[in-house]
Amino acid sequence: MKNEIKTVNNSGLPCPVNKTDLPPVEIKSESFEINSNICITENDFMVLADSAPEGVFIGDHHFQTVYMNNQLKECLDLPSPRAGLPPISEFLDQTDVDDYSKNYSDVMRGLKKGAEMNIRIRSKNGQLKLFRALMSRISWNGPRHYVLNILRNEPEDTNAMAICQKVLNAYPYIALLINEDGHILCGNKILADRFGCDISEILNHTIYDYLPADVARARKQKVDKAIAIGQAISYQDYNNKLYLDHFISPIKDANGKFSTVAIFIKDITGYVQAENAIKALSRKLITAIEEERKKIACDLHDECSQLVSVISMGLTSFRETLPEDLPQIKSVLTDYLKIIERLGLKIRRISSGLHPDMIDNLGLVPAIKWYIETFFKNTPGILYEFKTNYKDKNLGNGMDIVLYRIIQESLSNILKHAHARQIRIILNKTDKAIILVIQDDGTGFDIKDIFHPNDDKKDCMGILIMRERAASIGGKLLIGTAPGKGTTVKIIIPAKKDRQ
(Lines of atoms letter the chains of each structure in order from A and count residues from 1; the text may use other names and numbers.)
(Lines give C-alpha, C1' and ligand atoms only; values in the text may rest on other atoms or scores of the structure.)
Protein backbone atom coordinates (compact mmCIF):
# COMPACT_ATOMS: atom_id res chain seq x y z
CA MET A 1 0.00 0.00 0.00
CA LYS A 2 1.25 3.48 -0.83
CA ASN A 3 2.51 5.47 2.19
CA GLU A 4 0.51 8.56 3.06
CA ILE A 5 1.58 11.60 5.08
CA LYS A 6 -0.40 12.24 8.23
CA THR A 7 -0.01 15.04 10.82
CA VAL A 8 -0.37 13.65 14.32
CA ASN A 9 -2.97 15.73 16.20
CA ASN A 10 -1.44 19.13 15.34
CA SER A 11 1.96 18.18 16.69
CA GLY A 12 3.46 19.48 13.48
CA LEU A 13 5.41 16.25 12.86
CA PRO A 14 4.31 14.52 9.62
CA CYS A 15 4.33 10.70 9.83
CA PRO A 16 4.03 8.32 6.82
CA VAL A 17 1.51 5.67 7.76
CA ASN A 18 1.19 2.14 6.33
CA LYS A 19 -1.80 0.34 7.76
CA THR A 20 -0.43 -3.16 7.09
CA ASP A 21 3.09 -2.82 8.45
CA LEU A 22 4.66 -3.31 11.88
CA PRO A 23 5.91 -2.51 14.50
CA PRO A 24 3.18 -0.65 16.41
CA VAL A 25 3.70 2.75 17.98
CA GLU A 26 1.44 3.81 20.80
CA ILE A 27 1.35 7.35 22.17
CA LYS A 28 -1.28 8.31 24.65
CA SER A 29 -1.56 11.31 26.97
CA GLU A 30 -3.92 14.07 27.93
CA SER A 31 -2.99 16.23 24.96
CA PHE A 32 -2.58 13.80 22.10
CA GLU A 33 -3.25 10.18 21.21
CA ILE A 34 -1.95 7.88 18.47
CA ASN A 35 -2.58 4.19 18.04
CA SER A 36 -1.17 3.51 14.60
CA ASN A 37 1.18 1.14 12.82
CA ILE A 38 4.00 3.26 11.46
CA CYS A 39 6.53 2.11 8.88
CA ILE A 40 9.21 4.57 7.81
CA THR A 41 12.86 4.43 6.83
CA GLU A 42 15.46 6.19 8.95
CA ASN A 43 16.35 8.65 6.18
CA ASP A 44 12.70 9.49 5.53
CA PHE A 45 12.13 10.02 9.24
CA MET A 46 15.05 12.44 9.48
CA VAL A 47 13.83 14.41 6.46
CA LEU A 48 10.36 14.63 7.92
CA ALA A 49 11.57 15.48 11.42
CA ASP A 50 13.80 18.26 10.09
CA SER A 51 10.75 19.77 8.39
CA ALA A 52 8.77 19.86 11.63
CA PRO A 53 8.57 23.13 13.57
CA GLU A 54 9.16 21.35 16.88
CA GLY A 55 12.33 19.94 18.33
CA VAL A 56 12.54 16.17 17.89
CA PHE A 57 14.98 13.67 19.33
CA ILE A 58 15.12 9.94 20.02
CA GLY A 59 16.84 8.45 23.06
CA ASP A 60 17.82 4.91 24.01
CA HIS A 61 17.48 3.09 27.30
CA HIS A 62 20.77 4.65 28.50
CA PHE A 63 19.32 8.15 27.98
CA GLN A 64 21.78 8.61 25.10
CA THR A 65 20.56 10.63 22.13
CA VAL A 66 20.55 8.61 18.89
CA TYR A 67 18.88 11.28 16.79
CA MET A 68 18.16 15.00 17.03
CA ASN A 69 16.56 17.17 14.36
CA ASN A 70 18.09 20.40 13.12
CA GLN A 71 15.57 22.63 14.90
CA LEU A 72 16.59 21.28 18.28
CA LYS A 73 20.30 21.41 17.40
CA GLU A 74 19.90 25.04 16.45
CA CYS A 75 18.07 25.76 19.69
CA LEU A 76 20.88 24.13 21.67
CA ASP A 77 23.64 25.75 19.56
CA LEU A 78 24.97 22.36 18.48
CA PRO A 79 26.85 21.66 15.23
CA SER A 80 24.90 20.04 12.38
CA PRO A 81 26.83 16.72 12.10
CA ARG A 82 24.93 13.89 13.71
CA ALA A 83 27.89 12.16 15.40
CA GLY A 84 28.50 12.61 19.12
CA LEU A 85 25.08 13.91 20.13
CA PRO A 86 24.99 14.75 23.86
CA PRO A 87 22.18 13.47 26.10
CA ILE A 88 19.37 15.93 26.56
CA SER A 89 19.97 15.81 30.34
CA GLU A 90 23.06 17.98 29.81
CA PHE A 91 20.77 20.85 28.79
CA LEU A 92 17.90 20.31 31.21
CA ASP A 93 17.41 22.75 34.04
CA GLN A 94 18.43 20.89 37.19
CA THR A 95 15.00 21.30 38.74
CA ASP A 96 13.46 19.24 35.91
CA VAL A 97 16.01 16.41 35.70
CA ASP A 98 14.41 14.07 38.25
CA ASP A 99 10.85 14.37 36.92
CA TYR A 100 11.97 14.08 33.32
CA SER A 101 14.16 11.05 34.04
CA LYS A 102 11.29 9.28 35.81
CA ASN A 103 8.82 9.91 32.99
CA TYR A 104 11.42 8.89 30.39
CA SER A 105 12.18 5.67 32.30
CA ASP A 106 8.49 4.82 32.78
CA VAL A 107 7.81 5.30 29.06
CA MET A 108 10.89 3.28 28.06
CA ARG A 109 9.88 0.37 30.33
CA GLY A 110 6.31 0.44 29.07
CA LEU A 111 4.85 1.52 32.41
CA LYS A 112 3.33 4.46 30.56
CA LYS A 113 2.21 4.62 26.95
CA GLY A 114 3.22 8.23 26.84
CA ALA A 115 3.97 11.24 29.01
CA GLU A 116 3.80 15.03 28.92
CA MET A 117 5.54 17.61 31.07
CA ASN A 118 7.00 21.07 30.98
CA ILE A 119 10.80 21.17 30.84
CA ARG A 120 13.28 24.01 30.73
CA ILE A 121 16.29 23.68 28.49
CA ARG A 122 19.38 25.86 28.68
CA SER A 123 21.42 26.25 25.52
CA LYS A 124 25.19 26.47 25.49
CA ASN A 125 24.99 30.26 25.36
CA GLY A 126 23.03 30.23 28.63
CA GLN A 127 19.57 31.04 27.27
CA LEU A 128 16.75 29.24 29.08
CA LYS A 129 13.61 28.18 27.17
CA LEU A 130 10.43 26.41 28.22
CA PHE A 131 9.13 23.44 26.22
CA ARG A 132 6.24 21.03 26.43
CA ALA A 133 7.83 17.58 26.16
CA LEU A 134 5.72 14.80 24.59
CA MET A 135 7.27 11.35 25.12
CA SER A 136 6.31 8.00 23.59
CA ARG A 137 7.93 4.59 23.28
CA ILE A 138 8.70 3.36 19.77
CA SER A 139 10.05 0.12 18.31
CA TRP A 140 12.53 0.90 15.60
CA ASN A 141 14.49 -1.50 13.36
CA GLY A 142 13.58 -4.56 15.37
CA PRO A 143 12.47 -5.24 18.94
CA ARG A 144 14.62 -2.58 20.59
CA HIS A 145 12.70 0.25 22.15
CA TYR A 146 13.46 3.95 22.10
CA VAL A 147 11.75 7.06 23.40
CA LEU A 148 10.55 9.59 20.86
CA ASN A 149 10.52 13.14 22.25
CA ILE A 150 8.68 16.03 20.65
CA LEU A 151 9.46 19.42 22.21
CA ARG A 152 6.91 22.12 21.63
CA ASN A 153 8.05 25.64 22.31
CA GLU A 154 5.92 27.42 24.89
CA PRO A 155 5.76 31.01 23.61
CA GLU A 156 3.63 32.15 26.53
CA ASP A 157 6.64 31.63 28.80
CA THR A 158 8.62 34.10 26.72
CA ASN A 159 5.85 36.63 27.14
CA ALA A 160 5.63 35.90 30.84
CA MET A 161 9.39 36.27 31.21
CA ALA A 162 9.27 39.57 29.31
CA ILE A 163 6.54 40.81 31.64
CA CYS A 164 8.53 39.55 34.61
CA GLN A 165 11.57 41.43 33.32
CA LYS A 166 9.56 44.66 33.18
CA VAL A 167 8.24 44.11 36.70
CA LEU A 168 11.73 43.48 38.06
CA ASN A 169 13.09 46.55 36.27
CA ALA A 170 10.39 48.64 37.96
CA TYR A 171 11.69 47.58 41.38
CA PRO A 172 14.13 50.26 42.65
CA TYR A 173 16.52 47.74 44.21
CA ILE A 174 18.13 44.43 43.20
CA ALA A 175 15.59 41.84 42.02
CA LEU A 176 16.05 38.48 40.29
CA LEU A 177 14.62 35.03 39.70
CA ILE A 178 16.79 31.93 40.06
CA ASN A 179 16.25 28.20 39.89
CA GLU A 180 17.13 25.71 42.62
CA ASP A 181 20.78 25.67 41.56
CA GLY A 182 21.07 29.43 41.56
CA HIS A 183 21.05 29.94 37.77
CA ILE A 184 19.73 33.41 37.04
CA LEU A 185 16.50 33.16 35.04
CA CYS A 186 15.74 36.86 35.04
CA GLY A 187 17.26 39.91 36.68
CA ASN A 188 16.74 43.65 36.65
CA LYS A 189 19.10 46.32 35.42
CA ILE A 190 20.17 47.28 38.94
CA LEU A 191 21.46 43.74 39.46
CA ALA A 192 23.37 43.85 36.17
CA ASP A 193 24.82 47.27 37.02
CA ARG A 194 25.95 45.99 40.42
CA PHE A 195 27.81 43.16 38.67
CA GLY A 196 29.14 45.49 35.96
CA CYS A 197 27.61 43.72 32.97
CA ASP A 198 24.53 43.54 30.75
CA ILE A 199 21.41 41.64 31.72
CA SER A 200 22.00 39.11 28.93
CA GLU A 201 25.43 38.31 30.36
CA ILE A 202 24.23 37.45 33.85
CA LEU A 203 21.87 34.83 32.43
CA ASN A 204 24.91 32.67 31.69
CA HIS A 205 25.79 32.36 35.37
CA THR A 206 24.54 31.50 38.81
CA ILE A 207 24.08 34.19 41.41
CA TYR A 208 26.82 32.50 43.41
CA ASP A 209 29.38 33.13 40.64
CA TYR A 210 29.37 36.81 41.59
CA LEU A 211 29.81 36.34 45.34
CA PRO A 212 32.80 35.53 47.55
CA ALA A 213 32.90 31.85 48.48
CA ASP A 214 31.80 32.33 52.09
CA VAL A 215 28.98 34.70 51.13
CA ALA A 216 27.88 32.34 48.34
CA ARG A 217 27.67 29.43 50.77
CA ALA A 218 25.62 31.45 53.24
CA ARG A 219 23.30 32.72 50.47
CA LYS A 220 22.77 29.20 49.12
CA GLN A 221 21.88 27.95 52.59
CA LYS A 222 19.19 30.62 52.84
CA VAL A 223 17.80 29.74 49.39
CA ASP A 224 17.80 26.02 50.20
CA LYS A 225 16.01 26.73 53.48
CA ALA A 226 13.29 28.79 51.76
CA ILE A 227 12.73 25.97 49.25
CA ALA A 228 12.74 23.29 51.95
CA ILE A 229 10.12 25.01 54.14
CA GLY A 230 8.17 26.40 51.19
CA GLN A 231 7.97 29.84 52.78
CA ALA A 232 9.54 33.23 52.27
CA ILE A 233 12.37 34.21 54.59
CA SER A 234 14.06 37.55 55.21
CA TYR A 235 17.36 38.46 56.79
CA GLN A 236 20.00 41.17 56.90
CA ASP A 237 23.73 40.87 56.40
CA TYR A 238 26.82 43.02 56.08
CA ASN A 239 28.92 42.48 52.98
CA ASN A 240 31.57 44.63 51.31
CA LYS A 241 30.80 47.59 53.60
CA LEU A 242 27.11 47.39 52.71
CA TYR A 243 24.12 46.47 54.86
CA LEU A 244 21.68 44.48 52.74
CA ASP A 245 18.11 43.44 53.47
CA HIS A 246 17.19 40.16 51.71
CA PHE A 247 13.75 38.76 50.94
CA ILE A 248 13.77 35.23 49.47
CA SER A 249 10.50 33.69 48.30
CA PRO A 250 10.11 30.24 46.66
CA ILE A 251 7.62 29.95 43.77
CA LYS A 252 5.68 26.83 42.81
CA ASP A 253 5.75 25.63 39.21
CA ALA A 254 2.99 23.85 37.27
CA ASN A 255 4.07 20.54 38.81
CA GLY A 256 3.73 21.86 42.37
CA LYS A 257 7.48 22.06 43.00
CA PHE A 258 9.30 25.08 44.38
CA SER A 259 11.57 25.25 41.35
CA THR A 260 11.96 29.03 41.12
CA VAL A 261 13.03 31.51 43.77
CA ALA A 262 12.44 35.26 43.76
CA ILE A 263 15.10 37.32 45.51
CA PHE A 264 14.82 40.99 46.41
CA ILE A 265 17.83 42.75 47.92
CA LYS A 266 17.57 46.25 49.33
CA ASP A 267 20.58 48.36 50.24
CA ILE A 268 19.78 49.66 53.72
CA THR A 269 23.25 51.00 54.48
CA GLY A 270 21.95 54.55 54.82
CA TYR A 271 19.16 53.48 57.18
CA VAL A 272 21.52 51.41 59.32
CA GLN A 273 24.07 54.20 59.50
CA ALA A 274 21.34 56.66 60.51
CA GLU A 275 20.04 54.20 63.12
CA ASN A 276 23.56 53.67 64.45
CA ALA A 277 24.05 57.43 64.62
CA ILE A 278 20.82 57.78 66.61
CA LYS A 279 21.91 54.96 68.93
CA ALA A 280 25.30 56.61 69.40
CA LEU A 281 23.59 59.91 70.18
CA SER A 282 21.25 58.14 72.58
CA ARG A 283 24.22 56.55 74.35
CA LYS A 284 25.91 59.93 74.63
CA LEU A 285 22.74 61.53 75.99
CA ILE A 286 22.27 58.78 78.55
CA THR A 287 25.92 59.05 79.55
CA ALA A 288 25.66 62.84 79.76
CA ILE A 289 22.50 62.60 81.87
CA GLU A 290 24.14 60.14 84.25
CA GLU A 291 27.23 62.33 84.51
CA GLU A 292 25.10 65.37 85.26
CA ARG A 293 23.10 63.41 87.83
CA LYS A 294 26.32 62.27 89.44
CA LYS A 295 27.57 65.85 89.59
CA ILE A 296 24.33 67.12 91.13
CA ALA A 297 24.34 64.21 93.60
CA CYS A 298 27.89 65.08 94.63
CA ASP A 299 26.98 68.74 95.03
CA LEU A 300 23.98 67.83 97.19
CA HIS A 301 26.06 65.48 99.31
CA ASP A 302 29.20 67.56 99.60
CA GLU A 303 27.69 71.02 99.90
CA CYS A 304 24.01 70.96 100.83
CA SER A 305 24.37 68.11 103.31
CA GLN A 306 27.31 69.85 104.95
CA LEU A 307 25.38 73.11 105.19
CA VAL A 308 22.45 71.27 106.77
CA SER A 309 24.84 69.66 109.24
CA VAL A 310 26.37 73.04 110.10
CA ILE A 311 22.92 74.58 110.66
CA SER A 312 21.86 71.61 112.78
CA MET A 313 24.98 71.77 114.95
CA GLY A 314 24.65 75.55 115.32
CA LEU A 315 21.03 75.41 116.43
CA THR A 316 21.77 72.53 118.78
CA SER A 317 24.60 74.47 120.35
CA PHE A 318 22.45 77.61 120.61
CA ARG A 319 19.64 75.63 122.27
CA GLU A 320 22.04 74.28 124.87
CA THR A 321 23.14 77.81 125.83
CA LEU A 322 19.61 79.03 126.54
CA PRO A 323 18.60 79.42 130.21
CA GLU A 324 16.15 76.97 131.71
CA ASP A 325 13.49 79.65 132.06
CA LEU A 326 12.97 79.78 128.26
CA PRO A 327 11.29 76.42 127.63
CA GLN A 328 9.10 77.67 124.79
CA ILE A 329 12.10 78.84 122.74
CA LYS A 330 13.88 75.53 123.36
CA SER A 331 10.78 73.66 122.17
CA VAL A 332 10.64 75.73 118.98
CA LEU A 333 14.35 75.08 118.32
CA THR A 334 13.80 71.35 118.86
CA ASP A 335 11.00 71.35 116.28
CA TYR A 336 13.22 73.16 113.78
CA LEU A 337 16.05 70.70 114.41
CA LYS A 338 13.68 67.84 113.55
CA ILE A 339 12.73 69.59 110.32
CA ILE A 340 16.41 70.08 109.50
CA GLU A 341 17.03 66.39 110.19
CA ARG A 342 14.25 65.44 107.78
CA LEU A 343 15.74 67.85 105.25
CA GLY A 344 19.10 66.10 105.57
CA LEU A 345 17.47 62.69 105.01
CA LYS A 346 15.60 64.06 102.01
CA ILE A 347 18.80 65.44 100.51
CA ARG A 348 20.51 62.07 100.97
CA ARG A 349 17.59 60.24 99.32
CA ILE A 350 17.59 62.66 96.39
CA SER A 351 21.36 62.36 96.08
CA SER A 352 21.17 58.57 96.15
CA GLY A 353 18.36 58.60 93.59
CA LEU A 354 20.34 60.80 91.25
CA HIS A 355 23.40 58.59 91.51
CA PRO A 356 23.65 55.66 93.92
CA ASP A 357 27.21 55.98 95.19
CA MET A 358 26.82 52.49 96.62
CA ILE A 359 27.47 51.15 93.09
CA ASP A 360 30.85 52.88 93.02
CA ASN A 361 31.76 51.97 96.60
CA LEU A 362 30.35 48.46 97.12
CA GLY A 363 29.37 47.20 93.66
CA LEU A 364 26.27 46.47 91.59
CA VAL A 365 24.75 43.56 93.52
CA PRO A 366 24.85 45.23 96.98
CA ALA A 367 23.35 48.37 95.43
CA ILE A 368 20.52 46.36 93.86
CA LYS A 369 19.86 44.51 97.13
CA TRP A 370 19.76 47.78 99.06
CA TYR A 371 17.39 49.38 96.56
CA ILE A 372 15.05 46.36 96.45
CA GLU A 373 14.86 46.12 100.25
CA THR A 374 14.20 49.85 100.55
CA PHE A 375 11.57 49.74 97.78
CA PHE A 376 9.59 46.84 99.23
CA LYS A 377 9.87 48.17 102.79
CA ASN A 378 7.69 51.05 101.62
CA THR A 379 5.31 48.79 99.66
CA PRO A 380 4.09 46.11 102.09
CA GLY A 381 2.03 43.16 100.88
CA ILE A 382 4.22 42.24 97.89
CA LEU A 383 6.35 39.09 97.97
CA TYR A 384 9.68 39.44 96.21
CA GLU A 385 12.74 37.37 95.38
CA PHE A 386 16.18 38.37 94.12
CA LYS A 387 18.64 35.80 92.77
CA THR A 388 22.03 36.26 91.15
CA ASN A 389 25.18 34.34 90.32
CA TYR A 390 27.13 37.53 89.70
CA LYS A 391 30.32 37.66 91.79
CA ASP A 392 32.31 40.62 90.47
CA LYS A 393 32.06 44.11 91.90
CA ASN A 394 31.26 46.01 88.71
CA LEU A 395 30.52 45.29 85.05
CA GLY A 396 32.14 48.47 83.80
CA ASN A 397 31.45 50.56 80.68
CA GLY A 398 28.38 52.11 82.27
CA MET A 399 26.49 48.81 82.37
CA ASP A 400 26.07 48.84 86.15
CA ILE A 401 24.09 52.06 86.27
CA VAL A 402 22.00 51.04 83.23
CA LEU A 403 20.92 47.75 84.83
CA TYR A 404 20.27 49.54 88.10
CA ARG A 405 18.09 52.13 86.31
CA ILE A 406 16.18 49.40 84.44
CA ILE A 407 15.36 47.68 87.74
CA GLN A 408 14.22 51.02 89.15
CA GLU A 409 11.99 51.69 86.13
CA SER A 410 10.56 48.16 86.10
CA LEU A 411 9.61 48.19 89.77
CA SER A 412 8.10 51.64 89.38
CA ASN A 413 6.00 50.43 86.42
CA ILE A 414 4.88 47.33 88.34
CA LEU A 415 3.84 49.44 91.32
CA LYS A 416 1.89 51.92 89.17
CA HIS A 417 0.22 49.58 86.66
CA ALA A 418 0.55 45.85 87.35
CA HIS A 419 -1.06 45.42 90.81
CA ALA A 420 1.24 42.43 91.28
CA ARG A 421 1.48 40.31 94.41
CA GLN A 422 4.72 38.50 93.55
CA ILE A 423 7.87 39.80 91.87
CA ARG A 424 11.04 37.93 90.94
CA ILE A 425 14.33 39.56 89.90
CA ILE A 426 17.15 37.44 88.45
CA LEU A 427 20.60 38.69 87.42
CA ASN A 428 22.92 36.08 85.90
CA LYS A 429 26.18 36.17 84.00
CA THR A 430 27.24 33.47 81.50
CA ASP A 431 30.09 33.15 79.04
CA LYS A 432 27.86 34.52 76.30
CA ALA A 433 25.75 37.19 77.96
CA ILE A 434 24.57 39.06 81.02
CA ILE A 435 20.86 38.45 81.54
CA LEU A 436 18.48 40.44 83.74
CA VAL A 437 14.93 39.11 84.20
CA ILE A 438 12.11 40.88 86.05
CA GLN A 439 8.86 38.90 86.39
CA ASP A 440 5.54 39.80 87.98
CA ASP A 441 2.13 38.14 88.30
CA GLY A 442 0.23 41.34 87.65
CA THR A 443 -2.42 42.36 85.16
CA GLY A 444 -0.17 42.33 82.10
CA PHE A 445 -1.04 44.28 78.96
CA ASP A 446 -1.37 44.04 75.19
CA ILE A 447 2.12 44.12 73.69
CA LYS A 448 0.80 46.25 70.80
CA ASP A 449 0.22 49.10 73.23
CA ILE A 450 3.97 49.68 73.34
CA PHE A 451 3.84 51.00 69.78
CA HIS A 452 1.26 53.70 70.62
CA PRO A 453 3.22 55.96 72.96
CA ASN A 454 1.22 59.02 71.88
CA ASP A 455 -2.05 57.49 73.04
CA ASP A 456 -3.02 59.23 76.26
CA LYS A 457 -4.60 56.02 77.50
CA LYS A 458 -1.32 54.16 77.32
CA ASP A 459 1.68 54.85 79.54
CA CYS A 460 4.47 52.97 77.80
CA MET A 461 7.18 55.60 78.00
CA GLY A 462 8.91 53.66 80.78
CA ILE A 463 9.29 50.59 78.57
CA LEU A 464 10.58 52.69 75.69
CA ILE A 465 13.15 54.28 78.01
CA MET A 466 14.26 50.84 79.22
CA ARG A 467 14.66 49.71 75.62
CA GLU A 468 16.85 52.71 74.82
CA ARG A 469 18.93 52.17 77.94
CA ALA A 470 19.51 48.53 77.01
CA ALA A 471 20.44 49.49 73.45
CA SER A 472 22.88 52.09 74.76
CA ILE A 473 25.12 49.30 76.12
CA GLY A 474 24.67 46.94 73.17
CA GLY A 475 21.83 44.94 74.70
CA LYS A 476 18.24 44.29 73.77
CA LEU A 477 14.98 44.27 75.68
CA LEU A 478 12.44 41.45 75.32
CA ILE A 479 8.94 41.57 76.78
CA GLY A 480 6.53 38.70 77.30
CA THR A 481 3.05 39.68 78.42
CA ALA A 482 -0.67 39.39 77.79
CA PRO A 483 -3.71 40.81 79.57
CA GLY A 484 -4.15 38.94 82.84
CA LYS A 485 -0.96 36.89 82.35
CA GLY A 486 1.64 39.00 84.13
CA THR A 487 4.77 40.44 82.53
CA THR A 488 8.34 39.28 82.00
CA VAL A 489 11.01 41.84 81.12
CA LYS A 490 14.30 40.36 79.93
CA ILE A 491 17.47 42.31 79.19
CA ILE A 492 20.18 40.45 77.26
CA ILE A 493 23.63 42.01 76.98
CA PRO A 494 25.88 39.84 74.76
CA ALA A 495 29.51 39.31 75.67
CA LYS A 496 31.71 42.12 74.41
CA LYS A 497 33.01 40.14 71.42
CA ASP A 498 29.43 39.49 70.22
CA ARG A 499 28.09 43.03 70.56
CA GLN A 500 27.39 44.99 67.38
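Every position in the sequence shown, counted from 1, becomes a number in the numbering used here once 68 is added.
Don't be surprised by glycine CBs; every beta carbon is placed ideally from N, CA and C.
Every value quoted in this text rests on a predicted model; they were computed, and no experiment measured them.
C-alpha gap between residue i and residue j, whole angstroms
i: T355; j: Q507; result: 27 Å
i: D161; j: Q195; result: 11 Å
i: L253; j: L271; result: 6 Å
i: G554; j: R489; result: 10 Å
i: G178; j: R205; result: 7 Å
i: A243; j: A230; result: 14 Å
i: A550; j: A563; result: 30 Å
i: V557; j: V505; result: 6 Å
i: A486; j: R285; result: 48 Å
i: E269; j: I258; result: 13 Å
i: G431; j: I515; result: 34 Å
i: K437; j: S540; result: 24 Å
i: Q396; j: I482; result: 48 Å
i: S419; j: D468; result: 17 Å
i: A600; j: D164; result: Because the chain here runs from 69 to 568, residue 600 falls outside it and cannot be looked at.
i: I561; j: I267; result: 45 Å
i: E31; j: G466; result: What is shown of the chain runs 69 to 568, which leaves residue 31 out entirely.
i: I427; j: A501; result: 21 Å
i: R351; j: L236; result: 41 Å
i: K406; j: N446; result: 21 Å
i: H423; j: H369; result: 11 Å
i: N105; j: P147; result: With a pLDDT of 49 at N105, under the threshold of 50, the modelled position of this residue cannot be trusted; read the value that follows with caution. Between N105 and P147, the C-alpha separation is close to 33 Å.
i: G382; j: E388; result: 10 Å
i: I518; j: I297; result: 32 Å
i: I331; j: M176; result: 38 Å
i: L546; j: F386; result: 59 Å
Member of the options whose CA lies at the smallest distance from the CA of residue i
i: I493; options: L479, D499 and P391; result: L479
i: I450; options: L430, G421 and D509; result: D509
i: S377; options: E360, G543 and R416; result: R416
i: T274; options: E477, H251, R262 and K181; result: H251
i: E536; options: A296, V470, V165 and G382; result: V470
i: N307; options: P280, A294 and I258; result: P280
i: I475; options: F443, N462, N457 and K516; result: F443
i: F60; options: L495, M381, L116 and D425; result: Nothing can be reported for residue 60: it is not among the residues displayed for the chain, which extend from 69 to 568.
i: Y303; options: I297, P318 and R287; result: R287
i: L245; options: S317, T163 and M203; result: S317
i: R200; options: A322, G298 and D499; result: A322
i: Y276; options: I297, N247 and G298; result: N247
i: R473; options: H129, I267, G421 and P121; result: G421
i: I531; options: A117, R410 and E477; result: E477
i: L401; options: D393, T384, K414 and V215; result: T384
i: S157; options: K180, T133, E142 and K363; result: T133
i: F326; options: V115, I295 and L349; result: I295
For residue i, the three-state DSSP class (helix, strand or coil)
i: H129; result: coil
i: F159; result: coil
i: C143; result: helix
i: G421; result: helix
i: T180; result: This sequence places Lys at residue 180; Thr is not what is there. Looking at K180 - three-state DSSP - the assignment turns out to be coil, as it is neither helix nor strand.
i: R188; result: strand
i: V382; result: Here residue 382 turns out to be Gly, not Val, going by the sequence shown. In this structure, G382 counts as helix in the three-state DSSP scheme.
i: N217; result: strand
i: I336; result: coil
i: E477; result: helix
i: C254; result: strand
i: Q195; result: coil
i: A365; result: helix
i: D112; result: helix
i: D261; result: helix
i: I327; result: Sequence inspection shows Ser at residue 327; the Ile mentioned does not correspond to that position. S327: strand per DSSP, three-state reduction.
i: I450; result: coil
i: G123; result: strand
i: R492; result: strand
i: K459; result: coil
i: N171; result: helix
i: L135; result: The question names Leu, but residue 135 is Tyr in the sequence shown. If DSSP states are grouped into helix, strand and coil, Y135 belongs with the strands.
i: A501; result: strand
Test item: CB-CB of residue i and residue j under 8 Å
i: Y311; j: I346; result: no
i: S373; j: G412; result: yes
i: N217; j: F131; result: no
i: V291; j: V329; result: yes
i: Y278; j: N256; result: no
i: G543; j: I559; result: yes
i: G548; j: T511; result: no
i: L34; j: L140; result: Given a span of 69 to 568 for the chain in the structure shown, any question on residue 34 remains unanswerable.
i: L144; j: K192; result: yes
i: K197; j: N221; result: yes
Residue(s) in a DSSP beta bridge with residue i
i: I514; result: Just to set this straight, residue 514 is Asp in the shown sequence, not Ile. DSSP output for D514 lists no bridge partner at all.
i: T355; result: Note: T355 sits in no beta bridge, so no partner.
i: Y303; result: H314
i: K320; result: F326
i: L245; result: C254 and A330
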